[in-house]
Amino acid sequence: MVGKVVFIGSGPGDPELITVKAKKYIETADVIVYAGSLVNPEILKWSRKDAEVYNSSSLTLNEIVEIMVKKASEGKLVVRLKSGDSSIYGALFEEMWALEAAGIPFEVVPGITAAIAAASVIPIELTVPKLSQTVIITRASLRVPMQGSIKDFAKMVKIGATMVIYTGIHIIDRVVNDLKEGGLTDDTPVIVVYRATWPEQRIIKGTLADIVSKVREAKIYRDSVIIVGLASDPQQIKNMVRSSVYDPKHNHSYRPWKVEED
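Sequential numbering of the sequence shown, starting at 1, is according to the working numbering.
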């Protein structure tokens, strides 16, 4: 009998932000393969005492797949714990395709990605009615080749998008330069959130003019997201926002126009 692999997004850090479905799978899993460099180990406390637990932080893709295929082929339930959500920088495709090739069934359980967690702890909305209707999730890197760049997407922030940048805090000076070269001005608001929802969480607010010095002063070099755009400065847009959905002057299928009687 062939078992099953369940990919689980374990959220940004706070164990209570994992889904109920994910927790049930962790509690019943025979085998757990978790990304130890990012996943909060507190989540493993829900696992069975006899569960096999593997830390994937030092493993290659082939080694991770070998464990999952071998254990699932033995009829075991294998939980693959990824940080945040598997569909955002989770290297999900490669592991899925390997399981498909081996004939191993799998399921994906979503989690909360860092962009959403960061917005919640600031707190801000990543989308702002009438002002920012688009969210760009991207990343920065010195060594990993990518299609498109922060400089390319900066033009979208100029016309109302909110940009959330992963894996860029260690090269934030380069990130800021790319944003400026893409057309953003020094007064563009920026927020850096370090380890959102963890006990050591930190929030640094600034602009493109001063965010580099603030981050350097705070000595933050990893585990952060950078949020750029109007949404990063709620005070600046406070009196400009009005959601049409809840505006009494805006009708829709659940709230038709009311006819006033004389």
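The beta carbon of each residue, even a glycine, is placed where N, CA and C say it ideally should be.
As the structure is a prediction and not an experimental result, all values here were calculated from the model.
Using the Cβ count rule (16 or more neighbours within 10 Å means buried), how would you classify Ser144?
Residue identity check: residue 144 is Val in the sequence provided, not Ser. Val144 should be labelled exposed.
Excluding five sequence neighbours on each side, which residues of the same chain lie with their C-beta closer than 7 Å to the C-beta of Trp46?
Hits under 7 Å: Lys23, Ile26 and Glu27.
Compare the beta carbon distance of Ala231 and Thr162 with 7 Å and say whether it is the shorter of the two.
A contact, by the Cβ cut-off of 7 Å.
Range covered by the alpha helix (DSSP H) that runs through Tyr54:
Careful: Tyr54 lies outside any alpha helix (DSSP H), inside the beta strand (DSSP E) at Glu52 to Asn55.
When DSSP labels each residue in this structure, what does Pro12 get in the three-state scheme?
Pro12 falls in the coil class under three-state DSSP.
Would DSSP call Arg216 helix, strand or coil?
In the displayed model, Arg216 falls within a helix according to three-state DSSP.
Am I right that Gly84 and Thr19 are in contact with their C-beta atoms under 8 Å? What's the rounded C-beta distance?
About 13 Å separates the two Cβ atoms, so there is no contact after all.
Would you check if the distance between the CB atom of Ser86 and the CB atom of Gly9 is smaller than 7 Å?
Yes. Within cutoff.
Going by DSSP in three states, Lys45 sits in which element: helix, strand or coil?
Here Lys45 sits in helix by DSSP.
Report the three-state DSSP secondary structure of Thr28 (helix, strand or coil).
In the displayed model, Thr28 falls within a helix according to three-state DSSP.
For Asn40, tell me which candidate among Leu81, Glu100 and Lys214 has the shortest Cα-Cα distance.
Answer by Cα proximity: Leu81.
Exposure of Phe93, with buried meaning 16 or more beta-carbon neighbours within 10 Å
Exposed, because fewer than 16 other Cβ atoms sit within 10 Å of the Cβ of Phe93.
Rounded Cβ spacing between Val69 and Val6 (contact assumed at less than 8 Å)
For a cut-off of 8 Å, the C-beta gap from Val69 to Val6 is around 14 Å, too long to register as a contact.
Just to confirm, is the Cβ distance from Ile88 to Thr127 under 7 Å?
No, they are not a contact pair.
Just to confirm the assignment, what range does the alpha helix (DSSP H) spanning Thr179 have?
First, the amino acid is wrong: residue 179 is Leu here, not Thr. Ile172 to Glu181 is the span of the alpha helix (DSSP H), which, as asked, contains Leu179.
Need the endpoints of the beta strand (DSSP E) that Ser224 sits in, please.
First-last of the beta strand (DSSP E) with Ser224: Ser224 to Val228.
Based on the DSSP output, what are the partners of Leu81 in its beta bridges?
In the DSSP output, where bridge partners are listed per residue, Leu81 has Ile8 and Tyr34.
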